[in-house]
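J.:
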């Protein structure tokens, strides 16, 4: 059976097939089909010869395996030889015998000699084909009728076609009546009527429900043609000669010609259009108004990509592979190779280009989806493994091609039905608008290791440079400056390599004239790039010979490359290289030189027949000097292989240079009959049409203006308010200044919107861009990532402007940037122009955002700047200098002239914060003096650690001088103890003997003061360097307990020499105390009582003089009195001596004891 199947499929000779079948029947035992008595009795002759297994086997082969008439006839002949009942010409019989006889006659009828392949009846038809075709009857009589119908139909069609060809050369008759008669009696009309009769007379194809479709078509064409002949002037060249001439023109165009070009009132056409069941109002509206969609245009399809604000992340984390992570270059190269292999396996062998239809099928393929999902491996690659240079270039180039294919398959293969084939309904990577393409490339990207999000534009910019990465006007380069979205600038700088223009021929771009997708290897990348350029030139360069001369057709990619090379070789003479099109130049020599350089470049980078063709045409090309740069055709196309033949369509070269046709409605002039006709059907429709034409910028409506009635004013008040809305005014320029159209559109068409944005960006009208963005529906901005990226770009541009009368608050625009990283970078880059309060507010908004998180490195920068701004705000609120009026000036002087700032701030605690911000202690040590340390030490919680570090960083003499000043100025004992300890512990080796002895005495004085009560410490602070005087004062005042405590505290600090001095001092005052012994008597006791009374009176505010002068022994004791008993304002000390009054015995000061009297 396998052999029979192969023979039938190959189509070998019938004799071989018959011999093979006979051999099979003779050597293969076949089982007899069992037929029970019940089946035989019930079926009768239907199962006649059912037990003939050989005949039934051959019939099965004939009905299933036969591919041609010869095979089927040969197999049926073999079956007849094995079954007598099948022989003969009779068609009668029941069961499979009768059916087989009928099929034998049907096969002969279908393949009768003289038959021509007509209509649906092909030649050399087999039995299996007859059984499988649902439109072929299985009756010999009906098959003959079928053949006869198609023969008559073919003859009628030929006669109709011949009549049409003859009518094209017929001349118009001079008179109107004769022309009308000839028009209706034209030969094509009669031929078409015969065609109608063919259908009407055929039983099989006759429409039982009424006239056929062709009849309706005939009536339709006849009625419309009669209208044109009736109303068009005789001189009109577009008058139809037959009914069928109008088939090449749309119904809308026909009505438009009659109503608007020839001023036919629509009311005169209503009779015919109503019979034809046409909506005349709609046809008129279509001619005088543009199409206004009732629903917003569909949003760009974004597939299964993960979206953030202004970003489309193609590779999602979460599908990490098991095992050790691969090298980044190997990982990307393997993914790209596997993807290309999978695409090529599903591509037609004859085509090397992946079209959008095939790409849509591949995008839904499970294997392709699994491979694209495996790009999540790139999220975790270790970029530190990449070697700088060639390996990094290969990694970036393969990553670019992989990202291009991934983005095109995911974003540009929308499952929606695209009307008109416009690519703008998809994402925009192959859009006709340069601005839309740029924003799309900046949105789409991968997460690449530690780099984070890397956009497609970043990769192109790195490999090609900004001049070649932008296939857009140079004025759009300012927009592209905001393209870098990675937040690891230091890591990205490792990938900054010198751009190579040859990568232009190794990277795909997704549209026509795109280079072949290449997988680059690091070991031979230079040779690969040269080969890529050679293959591209060979495939896409074409030489066309015309009557006017020979011209050279080059794609835009080669033009861009050649211009780049010229500009970089001659920068001083080419500020902006003109196009290589055949245009007038200021210097014919320069133009000829450029053309010669182009030819030389093409010859050097071509091979084989292409090089020979260029060499053969060099003289004719040089003489004509004609170069045609083909316009970019932004049609989805991924070139996988360069097939044989030129990739340039020479026949379509002129079509690519043609301008697009403008909308016809804008050329229509609205006449009064049209307005009245519309008013009769719908007054609101008439009002809208009038307003649209009144707002046209090129043509004013000639309709006579009449003052509308008050009722109409009230009915159209809402429409008037809508057209005057501010957001309509911002959208109005996209519609040619037509406010009504702008108001009626829910959202502007994408191609108009991006063209308007491109124009505004080229003119640097960023405020107009912002106004247009804010006029769009908010839902559109929230869902379209391209608009989100453009919004951030526009707001960043506006935030970068210097505050002026037109833009007094540029910092306000930063709050409208959606991406928090872009917003942070914009604030950090432009805050030097903003007031400090606005800077603080903007930075706080970034830090306090809960739904958006900054990367760690960027968050650190923001936090540091916020700390600076808070300090600057405090400083500026107290700063009185005329030189410094803003925080940026304060920052500038802090960096370049810190002494100016420090002189002012030394008296304020803000000096510490300011000095810490600008690292003054490390970079401007010469400005540090004792005043700075006073701020650190003279406070409740002295900053001892900072002071220690700072003093250690200063030279010894500078540090010693500061410490000496601090010992005089400080009043805080902990700070004094810190300074003297630092001197004695850290600078002992550098101090001389006298200085060392001095500092030890100061240390002893600090320790003595620390033992005194708080109020007394300040009294002896001036004696800190003379501790012996303090001790002597304690002895004189007989503060023996306090003295004992002090001596115990300083015992470890007292040197042997000083210990001897203290011992002599104590002995001296002890001897004086022994000389003061006394023996009181009764008189002294009375005096004591008198003094006690006087003291009590004195304490109560009144002093009572004793009756008699007291004896010396009755005077008040020195150690019991600390202040003058007379003035009570002077405290006794070593310098304020005690004096006894001889009259009262009290202890008074020197000022109170100046008076004398006789006692």
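Numbering (the UniProt record's numbering), first residue to last: 1 to 1159.
For each residue, glycine too, the CB sits at the ideal point set by N, CA and C.
In this text the structure is predicted, and so the values were computed from the model without any measurement.
#1: Could you tell me the boundaries of the beta strand (DSSP E) in which residue 455 lies?
#2: Within its chain, find whatever has a CB closer than 8 angstroms to the CB of residue 610; leave out the 5 residues flanking it on each side and keep chain order.
#3: Distance check for residue 617 and residue 329, CA to CA, integer angstroms please.
#4: On the CB-based measure, 16 or more other CB atoms within 10 Å of its CB, does residue 228 come out buried or exposed?
#5: Confirm, please, whether the CB-CB distance from residue 218 to residue 196 is below 8 angstroms.
#6: When we look at the beta-carbon of residue 501 and count the other beta-carbons within 10 Å, is it buried (16 or more) or exposed?
#7: Which one or two residues does DSSP pair with residue 636 in a beta bridge?
#8: What does DSSP give as the partner residues of residue 550 in its beta bridges?
#9: With DSSP as the reference, label residue 539 as helix, strand or coil.
#10: Rounded to whole angstroms, what is the Cα-Cα separation between residue 1136 and residue 930?
#11: Quick check on the DSSP output: the beta strand (DSSP E) that includes residue 313 runs from which residue to which?
#12: Run the CB neighbour count on residue 461, radius 10 Å, all protein chains shown included, and call it buried at 16 or more, exposed below.
#13: Going by DSSP in three states, residue 730 sits in which element: helix, strand or coil?
#14: Between residue 446 and residue 314, is the Cβ-Cβ spacing less than 8 angstroms?
#15: Between which two residues does the beta strand (DSSP E) containing residue 259 stretch?
#16: For residue 445, list the residues DSSP reports as bridge partners.
#17: Indicate the three-state DSSP secondary structure (helix, strand or coil) for residue 270 in the structure shown.
#18: The alpha helix (DSSP H) that contains residue 343, what's its start and end?
#19: On the three-state DSSP scale, how would you describe residue 353?
#20: Between the alpha carbons of residue 291 and residue 755, how many angstroms are there, rounded?
#21: How would you write the range of the alpha helix (DSSP H) that residue 964 sits in, first residue to last?
#22: State buried or exposed for residue 1099, treating a residue as buried only when at least 16 other CB atoms are found within 10 Å of its CB.
#23: Take residue 1194 as the anchor and find which of 102, 383 and 716 has the nearest alpha-carbon.
#24: Are the segment 281-288 and the segment 373-391 in contact at 8 angstroms, needing three or more beta carbon pairs?
#25: Distance, Cα to Cα, residue 1036 vs residue 884?
#26: Using DSSP's beta-bridge definition, name the partner residues of residue 1123.
#27: Closest by CA to residue 408, which one among 559, 533 and 637?
#28: Under the assumption that residue 1150 contacts residue 1139 (Cβ atoms under 8 angstroms), give the Cβ distance between them as a whole number of angstroms.
#29: What number of angstroms, rounded off, separates the C-alpha of residue 700 from the C-alpha of residue 434?
#30: Rounded to a whole number of angstroms, what is the C-alpha to C-alpha distance between residue 1160 and residue 723?
#31: Nearest-angstrom Cα distance between residue 257 and residue 682?
#32: Specify whether the segment 885-900 and the segment 851-865 touch according to this definition: at least 3 beta carbon pairs, one from each stretch, less than 8 angstroms apart.
#33: Use the C-beta contact count for residue 1063: other C-beta atoms within 10 angstroms, 16 or more gives buried, fewer gives exposed.
#34: Among all the DSSP beta bridges, which residues are the ones paired with residue 1161?
#35: Helix or strand or just coil, what does DSSP make of residue 1176?
#36: Between which two residues does the alpha helix (DSSP H) carrying residue 192 extend?
T.: This is what the structure holds:
#1: 452-455
#2: 537, 538 and 541
#3: 44 angstroms
#4: buried
#5: yes
#6: buried
#7: 511
#8: 545
#9: helix
#10: 33 angstroms
#11: 311-313
#12: buried
#13: helix
#14: yes
#15: Premise fails: residue 259 is in no beta strand (DSSP E) and is neither H nor E.
#16: 313 and 455
#17: helix
#18: 328-345
#19: strand
#20: 19 angstroms
#21: 956-969
#22: Residue placement at residue 1099 is poorly supported in this model, since its pLDDT is 48, which falls under 50; the coordinates are not used for a value here.
#23: Beyond the ends of the chain as shown, which are 1 and 1159, falls residue 1194; an answer cannot be given.
#24: no
#25: 59 angstroms
#26: 1131
#27: 637
#28: 6 angstroms
#29: Note that residue 700 scores a pLDDT of 44, beneath 50, so its modelled location is shaky and nothing firm can be said.
#30: Residue 1160 lies beyond the residue range present for the chain, which begins at 1 and ends at 1159; the question has no answer from this structure.
#31: 23 angstroms
#32: no
#33: exposed
#34: With the chain covering 1 to 1159 only, the question about residue 1161 has no answer from this structure.
#35: A question about residue 1176 goes unanswered here, because the residues of the chain that appear run from 1 up to 1159.
#36: 187-201
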